[in-house]
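Please read the structure below before turning to the comments.
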Amino acid sequence: MSATPAAAAAPAPAPAPNGTHTNGGSQNRPAKRPNNANRSGNNRKSKQQRTKRERNITEGSSEEVLRCDIDALLKARREAAGASEGEAAPTAEENLPEPFTEMEVEIHELSSTGDGLGMVAGSDQVYVVPFTVPGDTVRIKVIRHVRGEGHSHADFLSVVTPSPLRDDARVKCQYFAKCGGCQFQMLDYAEQLRRKRRIVVKAYDNFSNLPKELVPEIQDTIGSPLQYGYRTKLTPHFDGPPGGKRGRNPTTPFASCPDIGFMQKGRRKVLDIEDCPIGTEAVRLGNKSERKRMQEEYGTYKRGATLLLRENTARHPKDSDAAKAELAPYATKSEYGDFVDVKSCETDSKATTTEYIGDYIFTNPAGSFFQNNNSILPVFTSYIRDRILPKTDGTPINTPSA
645 MSATPAAAAA
655 PAPAPAPNGT
665 HTNGGSQNRP
675 AKRPNNANRS
685 GNNRKSKQQR
695 TKRERNITEG
705 SSEEVLRCDI
715 DALLKARREA
725 AGASEGEAAP
735 TAEENLPEPF
745 TEMEVEIHEL
755 SSTGDGLGMV
765 AGSDQVYVVP
775 FTVPGDTVRI
785 KVIRHVRGEG
795 HSHADFLSVV
805 TPSPLRDDAR
815 VKCQYFAKCG
825 GCQFQMLDYA
835 EQLRRKRRIV
845 VKAYDNFSNL
855 PKELVPEIQD
865 TIGSPLQYGY
875 RTKLTPHFDG
885 PPGGKRGRNP
895 TTPFASCPDI
905 GFMQKGRRKV
915 LDIEDCPIGT
925 EAVRLGNKSE
935 RKRMQEEYGT
945 YKRGATLLLR
955 ENTARHPKDS
965 DAAKAELAPY
975 ATKSEYGDFV
985 DVKSCETDSK
995 ATTTEYIGDY
1005 IFTNPAGSFF
1015 QNNNSILPVF
1025 TSYIRDRILP
1035 KTDGTPINTP
1045 SA
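Taking this note's numbering, the leading residue of the sequence shown gets 645, the next gets one more, and so forth.
Spelled out as structure tokens, the structure:
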């Protein structure tokens, strides 16, 4: 989602008030939040009439998260204007701009999806615009209107008046505002952490189905020591050859090496990514190596595929021959105390990779899940170890013997 990872500190849940049972009878369980697929009661459609997209919206999905944020924005603006719920009628669809119209909007809020929520004066239509922050005035291209839900999706074109929160000098990726991978690179890192904490707060508010008094206070987000060059795994991919039929053994060969990278924001199309600055040095070198290999071997592929780039670490004593040996192509070397870490990029999902987190060693299949930001793991795992057991008055906690 963003250029920089972070983890929200998870405080211990607050105890239930005296006399309240949270896992017993249903009389003490709060009602489930209704799924307001249509915010306009007069325009509510039956299940049969709804589009496939609307029928597939589930609680907690990105569509539902976005809708909650849009509803909250409109409610806040009505309250600020002194208008009641029933006084604000949705903008009639016939009065909305035609698709592909270019226009200016002011961004009022940032959704938990990472997209800005913009509006124009005199209208209650919300425009969902990527790569924007509150306070921006931006030029957009309207792509589509979501019928009956009071919002539209748009492409970001340019900044007309930047928000005080925005500083594009912070952006270190040439593909930002095109690639769908990162969203917050224009924000100060402290602001990114505040926004990420707010995402957790809103998740509890909208989807926990718990009374507010039972929801613990969300603490500050744990920041990452690295904001770039931290990611130990990337999975760029490429589409199959043009004219090939999905799932039917396409026979059309590639005429040239396909674009290899990540999805364009808002498009079902791969954006060619020569280099990704959030990857570690070893992963970025691995990407360079795999792209070179694909230039030579693309003709052997009959369909699209995903490439694996996973960092692997070999740790050697400083005075060992292995530490002094010449580096293999596309490998890197760094020092850790009395050791030298030789890092390479593994591309075989079935191979075993090694990770060093402080003095702990983890081995796992290269294609399996492991936290992709090693730099945050020492402080993150330490936080968990310090809080996983209840506090005492100084008396050691008895643990079962082996």
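We put the beta carbon where it would ideally sit given N, CA and C, even for glycine.
Around the C-beta of S756, are 16 or more other C-beta atoms found within 10 angstroms, so that it is buried, or is it exposed? buried
Determine the burial state of R711: buried for a count of at least 16 other Cβ atoms within 10 Å of its Cβ, exposed for fewer. With 16 or more other Cβ atoms within 10 Å, it is buried.
Nonlocal neighbours in the same chain, by C-beta distance under 6 Å from R677, ignoring five residues either side: Low local confidence applies: a pLDDT of 45 at R677 is under 50, so the model's placement there is unreliable, and no value is given.
In three-state DSSP terms, what is G943? helix
When the distance is taken between beta carbons, is G762 closer than 8 Å to T745? no
Put M830 into one of helix, strand or coil per three-state DSSP. coil
Can you tell me which of the three DSSP states S988 falls into? strand
With the cut-off set at 8 Å, would you say C901 and Q863 are in Cβ contact? Contact: no.
Count the other C-beta atoms from every protein chain shown that fall within 10 angstroms of the C-beta of V927, then say buried if there are 16 or more, exposed otherwise. buried
Buried versus exposed call for D1030 [16 or more other C-beta atoms within 10 Å across all chains shown]: exposed
Less than 8 Å between the beta carbons of I866 and I1032, yes or no? no
Are the beta-carbon atoms of P774 and F800 separated by less than 8 Å? yes
Please return the same chain residues whose Cβ sits closer than 6 Å to the Cβ of D985, not counting the five positions on each side in sequence. T957, R959 and S978
For Q836, which of helix, strand or coil comes out of DSSP? helix
How many Å lie between G910 and G825 at the Cα? Looking at the two C-alpha atoms, the distance is approximately 11 Å.
Endpoints, the beta strand (DSSP E) within which E955 is located: L953 to P961
Shortest alpha-carbon distance to K987 belongs to which of E999, G905, S993 and A995? Checking every option, the nearest Cα to that of K987 belongs to E999.
Among the residues of its own chain, which have a CB less than 7 Å from the CB of L717, if the five just before and after it don't count? Excluding its 5 nearest sequence neighbours in each direction, L717 has C-beta neighbours in its own chain below 7 Å: H752, E753, L761 and V770, listed in chain order.
Pick out whichever of Y872, G792, C989 and P741 has its Cα sitting closest to the Cα of Q829. Y872
Near A675, which residues of its chain fall below 7 Å by C-beta distance, leaving aside the five closest residues on each side in sequence? Residue confidence for A675 is low, a pLDDT of 47 falling below 50, so the modelled location carries little weight and cannot support an answer.
Within the same chain, show all residues whose beta-carbon is closer than 6 Å to that of F1006, passing over the 5 residues directly before and after it, in chain order. Once the five neighbours on either side are set aside, the close Cβ partners of F1006 are E999.
Confirm, please, whether the CB-CB distance from P880 to T896 is below 8 Å. no
Neighbour-count burial assignment, Y819, 16 or more Cβ in a 10 Å radius: By the neighbour-count criterion, in which 16 or more other beta carbons inside 10 Å mark a residue as buried, Y819 falls on the buried side.
Taking the C-alpha atoms as reference points, what is the distance between I904 and F1014? 23 Å
Beta-carbon separation (whole angstroms), Y874 vs S933, contact threshold 8 Å: At roughly 20 Å, the Cβ-Cβ gap does not stay under 8 Å, so Y874 and S933 are not in contact.
Cβ of N1016 within 8 Å of Cβ of T876? yes
Proximity below 8 Å, CB of G923 to CB of L878: yes
Assuming V804 is part of the alpha helix (DSSP H), what are its boundary residues? Careful: V804 lies outside any alpha helix (DSSP H), inside the beta strand (DSSP E) at H795 to T805.
Residue nearest to T996 in terms of C-alpha spacing, selected from G1011, D1003, F983 and Y1004: G1011
Got a sec, what are the start and stop residues for the alpha helix (DSSP H) E748 sits in? Taken as a continuous stretch (DSSP letters only), E748 belongs to no alpha helix (DSSP H), being part of the beta strand (DSSP E) at E746 to L754.
V764 to V790, Cα distance in whole Å? 17 Å
Excluding the 5 residues preceding and the 5 following D963 in the sequence, name in chain order all residues of the same chain whose CB lies nearer than 7 Å to its CB. none
When you compare the CB positions of G758 and F851, do they come within less than 8 Å of one another, or not? no
When you compare only the Cα positions, how much space is there between L929 and A736? 53 Å
Is the distance from the Cβ of I787 to the Cβ of H797 below 8 Å? yes
Would DSSP call R912 helix, strand or coil? Coil, per DSSP.
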